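Visitor: To get our numbering, take the position in the sequence shown, counting from 1, and add 84. Quick one: this structure, given as structure tokens, is what I'll be asking you about.
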Amino acid sequence: MMTNHPHGTLYIGVTNSLERRIWQHKSARQEGFTKRYGLKSLIYFEEFRQVGNAIARETQLKGWLRRKKIELIEKGNPLWRDLAVDWHSRVTRDSSLRSE
């Protein structure tokens with residue numbers, strides 16, 4: 085999940101490369117919801133081996149009330165810190181993680 089500030093707009097999505105996707109969001113590379121709302125802080129994530137399981141979980145989370153999403157975030161990240169605060173510089177150094 086990403087946000088623009090604590091208790092701000094929430095975004096939930098699925099990717100096969102979290103570091104690359106976070107770099108895209110932080111550098112505002114792609115038009116869309118996250119760029120429009122300035123969603124640049126990764127506040128919660130889960131990893132899955134099977135894409136079908138990831139999509140099912142995404143669908144489940146998107147169906148939750150906002151209050152329940154906030155409870156999930158605050159269980160593991162009560163201060164809503166950006167969990168990828170240092171990823172941007174690491175990804176820009178590793179061209180294999182950048183989108184073409």
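Where is the CB? At the ideal position from N, CA and C, for every residue including glycine. Every value quoted in this text rests on a predicted model; they were computed, and no experiment measured them.
Go ahead and pull the three-state DSSP assignment for LEU94.
Guide: strand
Visitor: By the three-class DSSP mapping on this structure, what secondary structure does LEU163 have?
Guide: The three-state reading of DSSP puts LEU163 in coil, since its state is none of H, G, I, E or B.
Visitor: Please classify ILE149: does DSSP put it in a helix, a strand, or coil?
Guide: What sits at residue 149 in the sequence shown is Leu, not Ile. In this structure, LEU149 counts as coil in the three-state DSSP scheme.
Visitor: For ALA168, collect the residues of the same chain with a Cβ closer than 6 angstroms to its Cβ; drop the 5 residues on either side in sequence, then sort them by chain order.
Guide: ILE106, LEU126
Visitor: Going by the CB atoms, is the gap between HIS89 and TRP164 shorter than 9 angstroms?
Guide: yes
Visitor: What residue range is occupied by the uninterrupted alpha helix (DSSP H) comprising GLU103?
Guide: 102 to 110
Visitor: Give the C-beta separation of TYR128 and ASN161 to the nearest angstrom, bearing in mind that I take them to be a contact with Cβ-Cβ under 8 angstroms.
Guide: 6 angstroms
Visitor: I need the boundaries of the alpha helix (DSSP H) containing TYR121, first residue and last residue.
Guide: For TYR121, the enclosing alpha helix (DSSP H) has its first and last residue at 117 to 121.
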